[in-house]
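Below: one structure, written as structure tokens.
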Amino acid sequence: MLRIKNGIYSTDNTISYYRNKLPDDTFSFDSSNQKVQANLDEFGTIKNLTFFHHNYYMESKPGVWVGKDFVQEHDLSISITWNGNKTELNSDNVDVISDLADNLFPRSIHHFTWGTVSLIACAPITHDGERLSSLMYAIIVENQSDTEGEGVLELPSLYKKKYSDTRNVLIECRETQSHNCISFTLPPHSQKEFMIAFTDPNAYQDTQKLFSRSIDEWLEETRQYYKQCIGKVHFDNDPMAGYLIERAYQQASGAFAMNGYNQILGSNWGTYPVTPHIWNKDMYYSSLPYTMTEPDLCKKTIKWFAQYGIKYPGTKFEGGIFHSLSNSLSVILLSGAYYDYFVDKHFFLDNEDLYRQMKEILNEVITSRNPDEPHLYHSIWISDAYSLGTYHTGSNICVYRACRSLSRLALEIFDEKEYAIELENEAQAIKNDIEKYMTVESNGHRIFLEGIASLDLDAKEHMSDECYRKEMLDQGLQFLTDVDHEGTITLRMHDGEESDTTLLKYYGYEAGDRTTHYGQFSSSDENPTYSKLSRGIKWGNQSGATFPGYISILNGADNVENWSGENGRFKELERLADLDGSWWWWPYKVGSPTGDVTRMNSCGKCGWASGIFYILFITEFLGINYDAPNKHLTIHTKEFIGNFFWEDFHIGESRFDIKVTDQHIHITNKNSYSITVNQHAVKEGEDYEFTK
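Note that our numbering has the sequence shown beginning at 1354, numbered continuously upward.
See below:
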């Protein structure tokens, strides 16, 4: 909760580094259903309202080759005249309280001597996932005085200076069909609600759809939609953990863009700001929660990557599969995860062209290897930064996962047994060579290298930067200032914007405790990109920390103290959350001390980090995995997480209640079929409790 009284800001969030970083024009509470993106300030002004329309190709940064078309409106605010006294509701009128109602809906409450005016924004979604290209803006006026009051609400003007001015939004009040001023009388100790529709003119019919339900009905429908996606989780020792999980899911999901025809159009960095550029890697990581929770959006995203996942042949960049190997494999990675969690055979059978396309992509990758090479593959870029080394570790983990994913689809859907075996054998060969060549000893444990320069044990950890000195010098090498010394790049490092080595459990790459040790290495002085100032991983000369690096560092937690203690990894994520629960891409300027964070430091809010955090928390720390084809749930929660209860936990096609205490794990099967929990059969509606 944020309070602004007589110009003084205060908050009940006592741990956020951002608690004293207001006022700030880049602070926002956001509401998104993908079709409409709204960014509101602490007073309820709609600073930015965005509707999305189309995709198009562009030649831009290494990680960007698709753009999106959209229209926007800015600074839409309301005024109220009460008994002849007019007040603009776009500043601190004596006393304003702002928060997220239900951890979801931006809400600003303006307090007056006579009562309150509450402003609530909701990007509406029905409980079954239908989205409107319209923002519901609720105005609730409460007369707390003993006398009747005469009120007038003035809506944003339909034009700026002259009637012929263009507006990219339709504005209408449900109660009065007014487009401008709303007059009303309010008896003492009563309240009145007004629903305002801000609608995309290209979907003008959505105004009437919005008006067909009440404010409370839309809030409840939207609330139920998200509850169906993720349920509700509470941690006994840390209530903020459940809050962050919800906010991470909403940040990742809200990064997406969709048009009025229900077509996915890519994503933004996060929920703020909207940009025409689509970083495919950001979009991929932001979409990962969909593989567990949202089959319709997951399928749309798979089809988007089938069309746009590979860089087309250009003039600035040659393009092709190896321009960014991990990006090129996104369609296969998402398809494999979607099948693992939802066992939706019909989707793939109805889209055999998709299956053939995935086979062609993987065939081009596998056949690119020379016979004298290891089972490792080349890539130029991750996103905007290089895939370092002759062979890059994270990219090859993606090839491993892609082979296993397509192998399963081939065997279980298309009955191509021999092809499935070939891919499974290739996956094993890739893993063997990753383990053989791309890991090294560090403090008595094996960790990954970022990549390898060669197969020579004495030379593989260092690489000349000569091959990276191209026209894009300022793009590629500016991120490597901490590892590039006198023309030699050290590969015993962790790139803060490489996240595939962070997701080993999700990818089904068994590495024992390597994930933990690699996370500990990433946050140690042995990693040249680590910064004690930011307690994160630097991003060259661009930022004191990059947020996906904090999620990689989280993997290093192995006890209560380094998880939630004073310097705990998860505790740091809580401190780095802004007052709306968002994480910013680059929260520190270069050289800034611990806690001296910033918001819009060239990049916006971070859907990438939010997406991988949601996935990592479930698979790595709660130790939950579900194999839908075999109806098999496993759960091995790490002890330091503590007691928690996740009601209506949604993973793929199935739902469970999961309660973990000091001694026991209690599972309720809420599905219409039997499942297996850690090798024990549990019938529909049945409870199962076992000792940890």
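Every residue, glycine too, gets a C-beta built ideally from N, C-alpha and C.
Cutoff 6 Å; reference N1436; Cβ partners in own chain excluding five residues on either side: As a first step, residue 1436 must be located in the sequence shown, where it is residue number 83. G1502, E1503.
Identity of the residue in E1992, T1379, Y1410, G1944 nearest V1627 by Cα: Stepping through the sequence shown from its first residue, residue 1627 is reached at position 274. Closest option to V1627, Cα to Cα, is T1379.
Chain-order list of residues whose beta-carbon lies under 8 Å from that of Y1602 (same chain, five-residue window excluded): The sequence position of residue 1602 within the sequence shown is 249, counting from 1. For Y1602, where only same-chain residues beyond five positions count, the Cβ hits under 8 Å are Y1579, C1582, I1583, P1642, T1646, S1963, Y1967.
Close beta carbons around L1826, own chain, < 6 Å, minus the five adjacent residues each side: On the sequence shown, position 473 is the one that residue 1826 refers to. Its pLDDT being 49, under 50, L1826 is placed unreliably by the model, and nothing is read from it.
The stretch 1521–1528 contacting the stretch 1449–1463, beta-carbon criterion three pairs below 8 Å: no
Span separating the alpha-carbon of I1617 from that of Y1883: Here residue 1617 refers to the residue found at position 264 of the sequence shown. Here residue 1883 refers to the residue found at position 530 of the sequence shown. Whole-angstrom Cα-Cα distance: 36 Å.
C-alpha distance - G1595 paired with Y1859, whole-angstrom precision: Here residue 1595 corresponds to residue number 242 of the sequence shown, with the count starting at 1. Here residue 1859 corresponds to residue number 506 of the sequence shown, with the count starting at 1. For G1595 and Y1859, the distance between alpha carbons rounds to 20 Å.
Stretch pair the stretch 1934–1948 + the stretch 1889–1908: three plus CB contacts closer than 8 Å: Judged by Cβ distances under 8 Å, the stretch 1934–1948 makes contact with the stretch 1889–1908, as three or more pairs qualify.
Span separating the alpha-carbon of Q1604 from that of L1678: Taking the sequence shown and counting its residues from 1, one reaches residue 1604 at position 251. Taking the sequence shown and counting its residues from 1, one reaches residue 1678 at position 325. Q1604 and L1678: Cα-Cα distance of roughly 26 Å.
Residue nearest to E1671 in terms of C-alpha spacing, selected from I1361, I1399, K1414: By one-based count along the sequence shown, residue 1671 stands at place 318. Nearest option by C-alpha distance: K1414.
Residue burial classification, T1654 (beta-carbon count within 10 angstroms, cutoff 16): By one-based count along the sequence shown, residue 1654 stands at place 301. T1654 counts as buried, since no fewer than 16 other beta carbons sit within 10 angstroms of its beta carbon.
Simplified DSSP assignment, three categories, for V1836: Residue 1836 sits at position 483 when you count from the first residue of the sequence shown. Here V1836 sits in coil by DSSP.
Identity of the residue in N1456, K1388, F1588, W1418 nearest P1554 by Cα: Translated into positions along the sequence shown, residue 1554 becomes position 201. Among N1456, K1388, F1588, W1418, the Cα nearest to that of P1554 belongs to K1388.
Residue range of the beta strand (DSSP E) that includes D1706: Locating residue 1706 in the sequence shown gives position 353, counting from the first residue. Segment 1705–1719 is the alpha helix (DSSP H) holding D1706; no beta strand (DSSP E) there.
Selection from V1424, Q2032, A1610, S1487 that minimises the alpha carbon distance to L1633: On the sequence shown, residue 1633 is found 280 positions in, with the first residue counted as 1. In the sequence as displayed, the identity of residue 1633 is Asn instead of Leu. Selected option, being the one with the closest Cα: A1610.
Proximal residues to P1881 (C-beta, below 7 Å), its chain only, five neighbours per side dropped: For the purposes of this step, residue 1881 is taken as the residue at position 528 of the sequence shown. Only D1835, V1836, T1843, M1846 meet the Cβ criterion.
Sequence-distant residues of the same chain with beta carbon closer than 7 Å to I1598, five excluded per side: The residue labelled residue 1598 in the question sits at position 245 within the sequence shown. In its chain, beyond the 5 residues on either side, V1586, Y1967, F1970 have a beta carbon closer than 7 Å to the beta carbon of I1598.
Inter-stretch contact at 8 Å, needing at least 3 Cβ pairs: the stretch 1715–1734 / the stretch 1898–1912: With contact defined as three or more Cβ pairs closer than 8 Å, the stretch 1715–1734 and the stretch 1898–1912 are not in contact.
Three-way DSSP call (helix, strand, coil) for W1892 in this model: On the sequence shown, position 539 is the one that residue 1892 refers to. Three-state result, W1892: strand.
Counted within 10 angstroms of its Cβ, other Cβ atoms place Q1425 as buried (16 or more) or exposed: By 1-based counting over the sequence shown, the position of residue 1425 is 72. Result: exposed.
Contact under 9 Å by Cβ, D1448 with R1356: Locating residue 1448 in the sequence shown gives position 95, counting from the first residue. Locating residue 1356 in the sequence shown gives position 3, counting from the first residue. In contact: D1448 and R1356 (Cβ atoms closer than 9 Å).
Span of the alpha helix (DSSP H), counted from its first residue to its last, around M1636: Here residue 1636 corresponds to residue number 283 of the sequence shown, with the count starting at 1. Start and end: 1633–1640.
Integer-rounded CB distance, given that F1382 should sit under 8 Å from L1375: On the sequence shown, position 22 is the one that residue 1375 refers to. On the sequence shown, position 29 is the one that residue 1382 refers to. L1375 to F1382, Cβ: 12 Å. No contact.
Outcome for T1944 when other beta-carbon atoms lying within 10 angstroms are tallied against a minimum of 16: Taking the sequence shown and counting its residues from 1, one reaches residue 1944 at position 591. For the sequence presented, residue 1944 should be read as Gly rather than Thr. Exposed, because fewer than 16 other Cβ atoms sit within 10 Å of the Cβ of G1944.
Among D1980, T1552, G1921, A1738, nearest to Y1691 - alpha-carbon criterion: Sequence index remark: in the sequence shown, residue 1691 carries index 338 (1-based). Taking the Cα of Y1691 as reference, the smallest distance to any Cα among D1980, T1552, G1921, A1738 is reached at D1980.
I2004 - partner residues in DSSP beta bridges: Numbered from its first residue, the sequence shown carries residue 2004 at position 651. Beta-bridge partners assigned by DSSP to I2004: S2007.
Contacting residues, own chain, Cβ-Cβ under 6 Å from E1546 (five flanking each side not counted): Translated into positions along the sequence shown, residue 1546 becomes position 193. These residues qualify, in order along the chain: I1493, I1568.
Simplified DSSP state of Q1544, which is helix, strand or coil: Sequence index remark: in the sequence shown, residue 1544 carries index 191 (1-based). It is a strand residue.
Touch test, the stretch 1917–1932 against the stretch 1859–1868, Cβ-Cβ under 8 Å, three pairs minimum: no
Beta-carbon proximity of D1559 to S1486, cut-off 9 Å: Here the question's residue 1559 lines up with position 206 in the sequence shown. Here the question's residue 1486 lines up with position 133 in the sequence shown. Contact: yes.
Through-space distance from S1852 to D1591, alpha-carbon basis: In the sequence shown, counting from the first residue as 1, residue 1591 sits at position 238. In the sequence shown, counting from the first residue as 1, residue 1852 sits at position 499. D1591 and S1852: Cα-Cα distance of roughly 26 Å.
Element boundaries [alpha helix (DSSP H), containing P1901]: For the purposes of this step, residue 1901 is taken as residue 548 along the sequence shown, with counting starting at 1. Per DSSP, P1901 belongs to the alpha helix (DSSP H) from 1900–1907.
Whether V1468 touches E1441 by CB criterion (9 Å): Here residue 1468 refers to the residue found at position 115 of the sequence shown. Here residue 1441 refers to the residue found at position 88 of the sequence shown. Before going further, note that residue 1468 is Gly rather than Val in the sequence given. Against a cut-off of 9 Å, the Cβ pair of E1441 and G1468 comes out as no contact.
Three or more C-beta pairs below 8 Å linking the stretch 1731–1750 and the stretch 1948–1955: no
Short Cβ contact (9 Å threshold) for D1768 with E1803: For the purposes of this step, residue 1768 is identified with residue 415 of the sequence shown, where counting begins at 1. For the purposes of this step, residue 1803 is identified with residue 450 of the sequence shown, where counting begins at 1. In this structure, E1803 does not lie closer than 9 Å to D1768 by Cβ.
Inter-residue Cα distance where the pair is F1658 and N1723: Your numbering for residue 1658 matches position 305 in the sequence shown. Your numbering for residue 1723 matches position 370 in the sequence shown. So the alpha carbons of these two residues sit roughly 28 Å apart.
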